[in-house]
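Contents: one structure, followed by commentary.
Number of protein chains: 4
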Amino acid sequence: MHITGGRHFLQIPGPTNVPDRVLRAMAAPTIDHRGPEFAELTKAVLAALGPVFGARGPVVIYPSSGTGAWEAALVNTLSPGDRVLMSETGHFSTLWSELAGRLGLQVEVIPGDWRHGADPAEIARRLTADERHEIKAVCVVHNETSTGVTSRVPDVRAALDSVGHPALLLVDTISSLASIDYRHDEWGVDVTVAGSQKGLMLPPGLAFNAISEKALAANRSAGLPRSYWDWGPIIAANERGFFPYTPGTNLLYGLREACAMLAEEGLPNVFARHQRHAAATRAAVRAWGLEVLCADEREHSGSLTAVLLPDGHDADEVRRVILEKFDMSLGAGLGKLTGKIFRIGHLGHFNDLTLVGTLGGVQMGLQLAGVPIKPGGVEAALEHLREEAQ
Amino acid sequence: MHITGGRHFLQIPGPTNVPDRVLRAMAAPTIDHRGPEFAELTKAVLAALGPVFGARGPVVIYPSSGTGAWEAALVNTLSPGDRVLMSETGHFSTLWSELAGRLGLQVEVIPGDWRHGADPAEIARRLTADERHEIKAVCVVHNETSTGVTSRVPDVRAALDSVGHPALLLVDTISSLASIDYRHDEWGVDVTVAGSQKGLMLPPGLAFNAISEKALAANRSAGLPRSYWDWGPIIAANERGFFPYTPGTNLLYGLREACAMLAEEGLPNVFARHQRHAAATRAAVRAWGLEVLCADEREHSGSLTAVLLPDGHDADEVRRVILEKFDMSLGAGLGKLTGKIFRIGHLGHFNDLTLVGTLGGVQMGLQLAGVPIKPGGVEAALEHLREEAQ
Amino acid sequence: MHITGGRHFLQIPGPTNVPDRVLRAMAAPTIDHRGPEFAELTKAVLAALGPVFGARGPVVIYPSSGTGAWEAALVNTLSPGDRVLMSETGHFSTLWSELAGRLGLQVEVIPGDWRHGADPAEIARRLTADERHEIKAVCVVHNETSTGVTSRVPDVRAALDSVGHPALLLVDTISSLASIDYRHDEWGVDVTVAGSQKGLMLPPGLAFNAISEKALAANRSAGLPRSYWDWGPIIAANERGFFPYTPGTNLLYGLREACAMLAEEGLPNVFARHQRHAAATRAAVRAWGLEVLCADEREHSGSLTAVLLPDGHDADEVRRVILEKFDMSLGAGLGKLTGKIFRIGHLGHFNDLTLVGTLGGVQMGLQLAGVPIKPGGVEAALEHLREEAQ
Amino acid sequence: MHITGGRHFLQIPGPTNVPDRVLRAMAAPTIDHRGPEFAELTKAVLAALGPVFGARGPVVIYPSSGTGAWEAALVNTLSPGDRVLMSETGHFSTLWSELAGRLGLQVEVIPGDWRHGADPAEIARRLTADERHEIKAVCVVHNETSTGVTSRVPDVRAALDSVGHPALLLVDTISSLASIDYRHDEWGVDVTVAGSQKGLMLPPGLAFNAISEKALAANRSAGLPRSYWDWGPIIAANERGFFPYTPGTNLLYGLREACAMLAEEGLPNVFARHQRHAAATRAAVRAWGLEVLCADEREHSGSLTAVLLPDGHDADEVRRVILEKFDMSLGAGLGKLTGKIFRIGHLGHFNDLTLVGTLGGVQMGLQLAGVPIKPGGVEAALEHLREEAQ
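Quick note, the sequences are listed as chains X, F, A and Y, same order.
For the first sequence, full-length UniProt numbering begins at 1 and goes up steadily by one.
For the second sequence, full-length UniProt numbering begins at 1 and goes up steadily by one.
For the third sequence, full-length UniProt numbering begins at 1 and goes up steadily by one.
For the fourth sequence, full-length UniProt numbering begins at 1 and goes up steadily by one.
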């Protein structure tokens, strides 16, 4: 354990800094998951979650990590051998497509350079080519946690619509939900995949599927074997406020509290706050003379910023220095980006001054690690934040 | 919410009363799941878990409920169409066999009357008949949470050995681990299934597979599709102290603390405490003139006691009265036992005086609900506890 | 530390079992004691406290133990050499009179046998004899924590009124407030002394003075030196929501929560619950063939019950056995009652089933310690509780 | 309540940000204050406190605010009418001298300009003039929380010694203990006054007197009335691990944890950390073109920095803007400094990045409030911190 004064700065792009309120809520005694008090808890949580997803239909809660919700989205809607179209946007989209393959699906991957989001035009081309409608699902990662690039989901939806393809649209919002504007119903998403440990400000341990009418219909004929992930018994039991197997009670306490905090701040304010912090971070990165990984101005993530280092500099060494000297955790480059980038998480329970501290640590760490930067990054961020505060 | 003084009595057979120490441990800030402090946590937890299972081999931890660990045990060791032999001991053994069927296994169920454990002699007969060794796994629920009957796992092991059958032995210890004597290695179990919310004294949200060498070998050729539950990547990542997907960090904090508490008390003392409370509970039930559901003296559960009501009395009404009047939750009869029994959980973080309070509430509740009982149940339990304390 | 399963039974007559809700409330981050959020906290707490004391006038909160509030009541209203009349009801009334002496007051003590409350008739006699009105204050302990005897404060008030004596009436409610019916205004009390760690269900660390108009007037001319305890600056600062020195912020969080819990249950229900538990405890004591210390049926305490042991039996040995065998703390005999009694606390956050467990531990402990008792005490208590539940 | 993401920045010079570890430790159930587990707690806490004060003699713990410990230091060592010599260093030294007057002491105040510490030469002059040794105590505030000026206690000690005056030396370390180097024994202090809510990282509610042999001797003849504050019964009871009245149990839990944290970091490291943050803060203030209140380079506080605003600018308006826009609390100017300064607390549980965030908020707030500053303060602080980290 790092021994020094003050709180650790957990600036990875999730798990995020869990608010004290949420931790205290989770510390309440576990209750009978078949009793009346539990039914009220379930109903309160489900009622609060809908607006967070922008979904009027069912939201299924799993005791699992977000990876489980990826699997759930697939096994509930698809059959062995079904074709799925996935866009390679980074490490996590790659993991999801590998997962799909292991479940027995035929995965068609649109390659990407890990600096852009999913390409709606290319998706449209692929779907057009699929004249027999063998592609049953299009899978997109809304916010690529490994790159800090946000895919434009409404444009993907428009791509499907423009070619009249009936494939389901499955979207991973693990690191965007409750941080970056997202609208399950309005954008015509069929399954939204999410997890607890990012914008929802909880520890890891819960994962979610928000489900459209069309996905529910697909569920009835989907042939992949499933039991734990099966939507049916969960939705049925939820009607009465219960779950078909023991739910993660104390995390649900935390979820109720986190949803209350989001409602108090207001989702539009939450989104604006994330955008402000992302913009201030980019201002700092550019003032240092470094490059943001995301290459399309329309696709900068509100949740995290990935910073490219100049050739010859090891991002993991920068992270090591920062952890040792300033007790701050940053995200590593993953997969083919290992050592080339580091990622600054600025999502969840976070504010202007914590961002300033974060960027101060990054600036000092870069300098200590010998990365040639121009000073003034923190001042640039301060400038941005001050203007926004006015 | 029930409004009265004092703490709720959560005397269902799980989730159990989570110790304050564990709740406080869980309230620590979430840390970077890829950092050095996390690696220490993982290693500490895995080192502490082995003795709890009596296992020197790997123990896999899932962010999931116990139901997930049932699924994990099957998908990691079996292939589509494999035959499995299961003993019907109650509601949960039935759920497990249904789950196996949904995954595409051929399930052969040995029927039972829900008042006895798995029958080793009948298992031996079935295996003898399986001359071609098509049965790939024998599944047994160590402690049937729905009935309070404990199956004699060593005798089941002996049954397999006596007929020289190579099937794997999969055992559900969800409501027995850390409450009733259990020995994964010594008893020759291949996969032990467990959950966090019973004897481990945690909230629900973690589940476990302890794995034998033989099960690891089976894993290499097992053909059921799997991803989330796949042992391989977890065991590999655990070597370095990490997980292939985001683990349930705060529940792991609680697990570390709970294992420390078990070690402080000493597992043999923990088991003896549960036996003492079970015996005192049976003394009370019999003094009331009521019948314990478990019909074999060798098979009484240390975790819970199911109480049969006389005909014409509704156990759920008794439970309702007790919840309303005395703020205590008891377990309902499940499946075909609905309304006929209630279940008293006396497992986990529990002691003599809390048991006395529990039995006092049951006695008063039975009387208030009009069930004809002889007084003196609590006194009989006190007698037993006092003698044990001497 | 005692190592066994389950929660400790803290059945001393205070500090009492602090509810989880209160402990969690206290775990919130400390805030600026001069900021707007703090002012809201102060105002909320003061508004909630008034009804608990039955006082419309000021209630002063000290960061101190109850002993400090004793001192505060005296130094704020009296001058060096003033005469005060105190009734010896037990150990704590004795401590309070000794304290008064140390502050330079002339203390006149009405002796008592530690089995009765203050004697209103004798108080009237003493006051009648004080023709020159030199007695400036009459001090009474409402509930003697050392004996389980409650003084009849309205009768004491009537005694003062009947003889037309202008002395102030100062009442210690440390172990009665929020447990036993008490009414500062209605009963004409001038200063009510209280502490946080009993019926208010908080840890120790806050103490209180509720103050009448008459006491405020006396304060203006009172000549005892004072600074920390001085009401004036506190009442003045409280107007704006602040304190003249740093207040006990986190205990105030707990106080806000505890007052909310009292309001949810309703004070009349709280009082009735304490009376029920006291009556059930006496039923047990008498069924055991033991004697309750309190000798006047009108004066039994709702907060605790002191139990006299037969000659030749050491109450501290009984307590030691119970702590060792059953992890329960009981109150010792204090002062001249050392070894002769033990005290069962049944106040604060407490309910029927916890009382049953408590009495079960007492019964077993008495037997294990070789005290000759009749069995059946717990059954007698159960009988009482069951009837009350009907 | 301020509704925004992230944690509040509590940068007043106390109460300070309480570490999560301490808050969780305080959330443990209250125990019997007369039982064996409590005795262990007391002994552990007292053993840990000695090194923090640099005292081998007794340290007395009060359930009170620091103000109470001021009073305790006086009433335990002095008699009515005794003369005490006090140095006016700011608001708190003034409050302490007023308190002394209210207790009946004759207070001689050495006037000061609130920008310097106590003047050892002037103290020597006053003591020399006191040929009959009527001055019984010299009182000094080690760190003036209202000004950010630290008095040179060793020089004050030398002043007493140089003139051979027998007066006691009483020192207030409320905002310096465990933040700024301090040595009770080595510096020949007779009573050290401290509180829980600053460098000790606890919520308010505990206060301390560390006591020399000479002070203990003075205590035996000191004639001021006292009861709650009386050292004698506390020191006697502490021998066996107890207290003469109910102690602040849960705050003691927190104190044990906080002392453990100080020991883990090491007091010299703790002091160095505070010095580093103070120096970085001054670097920022000077880069902004503003003036630090403390006028003597030898006397800058490690705990806080008071910043003078240019004429015509209201410091409270700056604070208001910062609280509203950036959710940070700063200290107000007190007494005659109201509106002229604000105070930045950088003591307690605090680290480099939180300081950077703090200074970022101050910089933006000054700009938003229209105070003319040069940019670059935060960069200057970063420069300092980075050099120190190397």
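The beta carbon of each residue, even a glycine, is placed where N, CA and C say it ideally should be.
Of Leu252(A), Val75(A), Glu299(A) and Pro203(A), the smallest CA-CA separation from glycine 14(A) is found for Pro203(A). The alpha-carbon separation between alanine 381(Y) and leucine 347(X) amounts to approximately 26 Å.
If you draw a straight line from the Cα of glutamate 317(A) to the Cα of valine 356(A), it is about 22 Å long. By the C-beta criterion, the stretch 82 to 94 of chain Y is judged to be in contact with the stretch 135 to 144 of chain Y, since at least 3 inter-stretch pairs fall below 8 Å. Closest in C-alpha terms to leucine 252(A), from the list Ala28(A), Asn269(A) and Gln11(A), comes Ala28(A).
Between histidine 33(A) and chain Y, the shortest Cβ-Cβ separation is below 8 Å.
Glutamate 186(F) is classed as exposed because its beta carbon has fewer than 16 other beta carbons within 10 Å across all chains shown. Taking a Cβ-Cβ threshold of 8 Å, the residues of chain Y close to proline 29(F) are Asp20, in chain order.
The C-beta of threonine 354(X) comes closer than 8 Å to at least one C-beta of chain Y. Not a single C-beta of chain X is nearer than 8 Å to the C-beta of glutamate 317(Y). Annotation note: the stretch 205 to 231 of chain Y contains the following uninterrupted beta strand (DSSP E) runs of length 3 or greater, listed N- to C-terminal: 206 to 211. As computed with DSSP, aspartate 172(Y) is found in a beta bridge with Val141(Y) and Val193(Y).
Think of a sphere of 7 Å around the beta carbon of asparagine 351(A): the chain F residues whose beta carbon falls inside it are Thr4, Gly5, Gly6 and Asp327, in chain order. Taken atom to atom, the span from the alpha-carbon of serine 179(A) to that of aspartate 352(A) is near 15 Å.
Residue pairing for tyrosine 62(X): DSSP places it in a beta bridge opposite Ala207(X).
Nearest Cα to proline 225(A) within the set Leu334(Y), Ala272(Y), Arg102(Y) and Cys139(Y): Arg102(Y).
DSSP, read as helix, strand or coil, puts methionine 86(F) in strand. In the DSSP secondary-structure assignment, isoleucine 110(F) is bridged to Ser87(F).
Secondary structure remark: continuous beta strand (DSSP E) runs of at least 3 residues inside the stretch 258 to 308 of chain X, in chain order: 304 to 308. Contact check between the stretch 299 to 314 of chain Y and the stretch 363 to 374 of chain Y: three or more CB pairs, one atom from each, fall below 8 Å, which counts as touching. Any Cβ of chain A closer than 8 Å to the Cβ of arginine 24(X) would place that residue at the interface, and such an atom is present.
By the C-beta criterion, the stretch 236 to 249 of chain A is judged not to be in contact with the stretch 68 to 88 of chain A, since fewer than 3 inter-stretch pairs fall below 8 Å. Counting along the chain, no beta strand (DSSP E) covers glutamine 363(F); the unbroken alpha helix (DSSP H) around it starts and ends at 352 to 368.
CA-to-CA, the gap between glutamate 324(F) and tyrosine 245(X) works out to about 25 Å.
Beta-bridge pairing by DSSP links serine 329(X) to Leu10(X). Per DSSP, isoleucine 180(X) lies in no alpha helix (DSSP H) and is assigned neither H nor E. For isoleucine 344(Y), the enclosing beta strand (DSSP E) stretches over residues 341 to 345. Between the stretch 271 to 283 of chain A and the stretch 48 to 57 of chain A there are fewer than three inter-stretch CB-CB distances shorter than 8 Å, so the stretches are not counted as touching. Along the stretch 251 to 275 of chain A, the positions whose C-beta sits under 9 Å from a C-beta of chain F are Met261, Glu264, Glu265, Gly266, Asn269, Val270, Arg273 and His274, read in chain order.
At a beta-carbon threshold of 8 Å, none of the residues of chain A lie near leucine 177(F); the nearest stands roughly 15 Å away.
For isoleucine 373(A), the secondary structure class from DSSP, reduced to helix, strand or coil, is coil. Arginine 126(X): member of the alpha helix (DSSP H) spanning 120 to 129, first to last residue. Judged by their CB atoms, serine 301(A) and valine 171(A) are not nearer to each other than the 8 Å cut-off. Around the beta carbon of alanine 210(Y), a 10 Å sphere encloses 16 or more other beta carbons of the protein chains shown; the residue is thus reported as buried.
Contact check for valine 156(A) against threonine 173(A) fails: the beta carbons are separated by 8 Å or more.
Under the three-state reduction of DSSP output, valine 18(X) falls in the coil class, being neither helix nor strand.
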